[in-house]
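A.B. asks: Under the numbering used here, the sequence shown has 97 at position 90, and the numbering climbs by one with no breaks.
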Amino acid sequence: MTYIITSKCVGVCDTSCVKVCPVDCIHGPINKTGSGAEVDELKAKPDGLKGLQLYIDSETCIDCGACEPECPVDAIYPSPEDAPAEEKESVRKNFEFYGNAVPPGF
Ligand code: SF4
Ligand code: SF4
Numbered sequence: 008m009t010y011i012i013t014s015k016c017v018g019v020c021d022t023s024c025v026k027v028c029p030v031d032c033i034h035g036p037i038n039k040t041g042s043g044a045e046v047d048e049l050k051a052k053p054d055g056l057k058g059l060q061l062y063i064d065s066e067t068c069i070d071c072g073a074c075e076p077e078c079p080v081d082a083i084y085p086s087p088e089d090a091p092a093e094e095k096e097s098v099r100k101n102f103e104f105y106g107n108a109v110p111p112g113f
């Protein structure tokens with residue numbers, strides 16, 4: 008399975024999670040391999056982070072759990088199934104962002 012980031016990250020993109028991930032599998036909101044490096048530049052623009060969030064690459068995540076307690080807005084869940092029902096679209100985006108297969112039911 009994989010950890011996932013939900014919509015609570017939208018507009019926050021704090022990147023604390025990125026710093027602790029041992030396998031460098033958290034990226035976005037735009038660059039699929041940039042580890043959130045574009046966030047600072049976006050933050051400097053008015054509404055630069057509007058509607059944007061980071062995503063976890065399900066193909067690389069090793070389920071270590073290091074990211075979850077680091078998030079200041081509790082946006083991270085241990086699996087798609089653990090996320091609240093209203094976060095289905097957000098869960099799906101974690102997979103679609105990297106071109107990974109979306110799990111059944113999402
Ligand atoms: S999931 Fe949390 S810690 Fe990671 S970028 Fe989003 S707001 Fe920041
Ligand atoms: S659970 Fe571990 S490997 Fe997966 S995204 Fe979080 S820190 Fe990275």
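Ideal Cβ positions, reconstructed from N, Cα and C, are used throughout, including at glycine.
For P36 and E96, what's the separation of their Cα atoms in angstroms?
C.D. replies: 16 Å
A.B. asks: Going straight from the alpha carbon of D89 to that of T13, what length do you get?
C.D. replies: Within the model, the alpha-carbon separation for D89 versus T13 is close to 11 Å.
A.B. asks: Ends of the alpha helix (DSSP H) at K95?
C.D. replies: 95-105
A.B. asks: Do G58 and L49 count as a contact pair if the criterion is CB distance below 7 Å?
C.D. replies: no
A.B. asks: If we ignore side chains and look at the alpha-carbon of each, how far apart do D21 and Y10 end up?
C.D. replies: 17 Å
A.B. asks: Bridge partners of I33, per DSSP?
C.D. replies: I63
A.B. asks: Can you tell which of M8, C28, G18, V19 has the C-alpha that lies nearest to the C-alpha of C74?
C.D. replies: Closest by alpha carbon: C28.
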